[in-house]
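Using my numbering, the letters of the sequence shown map in sequence onto residues 35 to 470.
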Amino acid sequence: MDQVVKVGLIGFGTVGTGVVKILKDNADIIARRVGKKVVLDKIADLDITTDRGVTVPDEILTTNANDILNDHQIDIVVELIGGHEPAKRFILQALSSKKGVVTANKALLADHGEEVFEAAFKAQADLGFEASVGGGIPIIRSLTEGLAGNHLTSIMGIMNGTSNYILTRMTQEGRDFSDILEEATREGYAEADPSLDVEGIDAAHKLVIMMNLAYGTPVPMSAVYTEGIAKISTVDMTFAREMGFTIKLLGIAKCQNQIIEARVHPTLVPTESPIAQVHGVYNAIHLVGDAVEDIVLYGQGAGSMPTASAVVGDIIDLARNRIYESFSRVPATSFQWESRQPLPIKPMAEIESRYYLRCMVKDEPSVLSTISGILGKHGISISSVLQKERKQGQPVPLIILTHRSIERGVQSAIQAINTLSFISEPTTLIRMESVE
Ligand code: NDP
Ligand code: HSE
Numbered sequence: 035m036d037q038v039v040k041v042g043l044i045g046f047g048t049v050g051t052g053v054v055k056i057l058k059d060n061a062d063i064i065a066r067r068v069g070k071k072v073v074l075d076k077i078a079d080l081d082i083t084t085d086r087g088v089t090v091p092d093e094i095l096t097t098n099a100n101d102i103l104n105d106h107q108i109d110i111v112v113e114l115i116g117g118h119e120p121a122k123r124f125i126l127q128a129l130s131s132k133k134g135v136v137t138a139n140k141a142l143l144a145d146h147g148e149e150v151f152e153a154a155f156k157a158q159a160d161l162g163f164e165a166s167v168g169g170g171i172p173i174i175r176s177l178t179e180g181l182a183g184n185h186l187t188s189i190m191g192i193m194n195g196t197s198n199y200i201l202t203r204m205t206q207e208g209r210d211f212s213d214i215l216e217e218a219t220r221e222g223y224a225e226a227d228p229s230l231d232v233e234g235i236d237a238a239h240k241l242v243i244m245m246n247l248a249y250g251t252p253v254p255m256s257a258v259y260t261e262g263i264a265k266i267s268t269v270d271m272t273f274a275r276e277m278g279f280t281i282k283l284l285g286i287a288k289c290q291n292q293i294i295e296a297r298v299h300p301t302l303v304p305t306e307s308p309i310a311q312v313h314g315v316y317n318a319i320h321l322v323g324d325a326v327e328d329i330v331l332y333g334q335g336a337g338s339m340p341t342a343s344a345v346v347g348d349i350i351d352l353a354r355n356r357i358y359e360s361f362s363r364v365p366a367t368s369f370q371w372e373s374r375q376p377l378p379i380k381p382m383a384e385i386e387s388r389y390y391l392r393c394m395v396k397d398e399p400s401v402l403s404t405i406s407g408i409l410g411k412h413g414i415s416i417s418s419v420l421q422k423e424r425k426q427g428q429p430v431p432l433i434i435l436t437h438r439s440i441e442r443g444v445q446s447a448i449q450a451i452n453t454l455s456f457i458s459e460p461t462t463l464i465r466m467e468s469v470e
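What follows is the structure in structure tokens.
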């Protein structure tokens, strides 16, 4: 083993730049924690001329990732380019050469995790992906190590910084969705394709990764019901607030009686609850374990430096393992590879939740009784109703909050309601949760 641990970075973008800054600025403390110097030996990016705001020697820059992958001196490869290809090829090549790999690529791990995890297992090589979920929050290590003695019954929370940033600004400033998305992109929070953020797909990627570790099972993306924030209007935000609720994009996974429930959707949460106080780019992930009971992990869920903090934590972990030659001591999947087993997924129609319904109605006699009759017929009990004053000739919103009901019944009731002659547009449905 050399006197230093050598790192090759592929991707000198938002997160890559943060990693370079930390490895440079905190080199001393990192060396004292690892026991050897951790040296950034090469950086590959398609563009090596743009000023990234951090000075690096020209000779370590290359446009060709193979200069890192084929360098036998490099111990740890950090993949920060994102997307499926060529990121997967780079990672598989690095693992097959027994290099340690660190990545923040949740899209890759959610869509092709089995291939990547199996490659790490077969090569007995280390794979660190702390930055793939929750930005700077150490959630992966909490699942694989700190909470490894628990049956984890529930994982719930805010898992996408960009959409929380957008919802927060919409709620606080009443501003337009698209302006705020542009701002989140400028801040470096959004994905290269921001539709992954606003359509809930990024949160679903993260939920899939966490379920894999928590439940010892690969969960396909297709098993996660996914709905984003694009259709959330300031009208619903205002009504929600009047009724004591705030709208957040939540990822929700539950495992009860060995059956998994997995969904991402906008959710009304009580305004006084801690989750409603999570603003801007912050994430909060609430876990329930049979021994530990409730735990909440909170911190910045995106952005250059918080995410780089998680990446560097992994580099340090892998560097320590290389020094002691104790690779794969903690399996990447948390469960030992041969102990993982598929679990059934509950269909969305069978989940139970409370619901916020906004019906746009012509203010006529018996509107409320007709709607409540349909809900009653489907076994849905109403918890409260709000109706606004009529404006001449305009449809009025009728807001109904339900008690806990089964999704199938609620969807059929909405179908029936939408056919009524006094309904002027399709009914809006937002699910409700109480997160302590
Ligand atoms: P960026 O787009 O800012 O950076 C990616 C960089 O990789 C770009 O400079 C890009 O160059 C370069 N690149 C692309 N393809 C290659 C290649 N074949 N060889 C060398 N360089 C290449 O992305 P981020 O830093 O924001 O994200 C990186 C990863 O981290 C993604 O997986 C993302 O999902 C994840 N992540 C990001 C977070 C964030 O807050 N930004 C938080 C958590 C995870 P070019 O621009 O010229 O294409
Ligand atoms: N685009 C992601 C987010 C980055 O906004 O949460 C962090 O994973």
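The beta carbon of each residue, even a glycine, is placed where N, CA and C say it ideally should be.
None of the values given here were measured: they were computed from a predicted structure.
{"Item": "Pick from I464, I63, V345: whose alpha carbon is nearest that of T260?", "Value": "I464"}
{"Item": "Under 6 angstroms, CB to any heavy atom of ligand 2. Which residues pass, going along the chain?", "Value": "G169, N194, G195, T196, Y223, A224, E225, D231, D236, G335, A336"}
{"Item": "In whole angstroms, what is the alpha-carbon distance linking V88 and G47?", "Value": "12 angstroms"}
{"Item": "Helix, strand or coil for Y223, going by three-state DSSP, please let me know.", "Value": "coil"}
{"Item": "May I ask you to report which of helix, strand or coil DSSP gives G195?", "Value": "helix"}
{"Item": "With DSSP run on the structure shown, which of helix, strand or coil describes M67?", "Value": "The sequence given here places Arg at residue 67; Met does not occur at that position. In the structure shown, R67 sits in a helix (DSSP, three-state: H, G or I)."}
{"Item": "Just mark V395 as buried or exposed, buried being the case when its beta carbon has 16 or more other beta carbons within 10 Å.", "Value": "buried"}
{"Item": "Note the first and the last residue of the continuous alpha helix (DSSP H) segment covering F151.", "Value": "140–157"}
{"Item": "For G497, collect the residues of the same chain with a Cβ closer than 6 angstroms to its Cβ; drop the 5 residues on either side in sequence, then sort them by chain order.", "Value": "The structure shown does not extend to residue 497, since the chain is modelled only from 35 to 470, so the question has no answer here."}
{"Item": "Any heavy atom of ligand 1 closer than 8 angstroms to the Cβ of G347?", "Value": "no"}
{"Item": "Measure the beta-carbon distance from G335 to M193 and round it to whole angstroms, keeping in mind my assumption that it falls under 8 angstroms.", "Value": "7 angstroms"}
{"Item": "Just reading off the alpha helix (DSSP H) that I498 is part of, what are its end residues?", "Value": "Nothing in the structure corresponds to residue 498, since the chain is present only between 35 and 470."}
{"Item": "Tell me whether P378 counts as near ligand 1, meaning its Cβ is closer than 8 angstroms to at least one heavy atom of that ligand.", "Value": "no"}
{"Item": "Taking contact to mean 3 or more Cβ pairs, one atom from each stretch, closer than 8 angstroms, check whether the region 234–246 and the region 284–291 are in contact.", "Value": "yes"}
{"Item": "For the alpha helix (DSSP H) that P340 lies in, which residues bound it at each end?", "Value": "338–358"}
{"Item": "Along the chain, which unbroken stretches of the beta strand (DSSP E) at least 3 residues long are found entirely within the region 426–459?", "Value": "430–436"}
{"Item": "Buried or exposed for A78, going by 16 or more other Cβ atoms inside 10 Å?", "Value": "buried"}
{"Item": "For the beta strand (DSSP E) that contains M394, what are its first and last residues?", "Value": "386–395"}
{"Item": "Can you give the beta carbon distance from G45 to L352, rounded, assuming they're within the 8 angstroms contact cut?", "Value": "In fact, because the Cβ distance is near 17 angstroms, the residues do not count as touching under 8 angstroms."}
{"Item": "Can we say the region 253–270 touches the region 228–238, given the rule of at least three CB pairs closer than 8 angstroms?", "Value": "yes"}
{"Item": "Would you list the one or two residues that DSSP bridges to K40?", "Value": "V73"}
{"Item": "Grouping DSSP H, G and I as helix and E and B as strand, with all else coil, what is M204?", "Value": "helix"}
{"Item": "Pull up the distance between the alpha-carbon of E149 and that of D227, whole angstroms please.", "Value": "24 angstroms"}
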